[in-house]
Amino acid sequence: MMRPLTDLRADLDAGRTSAVALADAALDRAGDPAGEGARVFTTLYGTRAGELARASDAVRRAGVSRSPPI
């Protein structure tokens, strides 16, 4: 089940999830052979996605929310 972005952003703000967890979940969905990922995506950049997610989490831990206000 997909959740609204506003809910995911609230979870990030509350510390209930991390950018790394969200990126991992998205990559898992995209790479699922039973799903639509193979039809939709030509290339997945999992390593780069992880790097960017870790950087985003570090910025959030420093007190900066990169998401627009709800």
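So in our numbering, the last one in the sequence shown is 237, and the numbering has no gaps at all.
Where is the CB? At the ideal position from N, CA and C, for every residue including glycine.
Bounds of the alpha helix (DSSP H) holding E218 are 213-228. Collapsing the DSSP output to three states places V187 in a helix.
Looking at R170, L175, D174, L179, the one whose alpha-carbon comes closest to that of R228 is L179. G217 and A201 have their C-alpha atoms spaced approximately 23 Å apart.
Straight-line spacing of the CA atoms in V226 and R176 works out to 14 Å.
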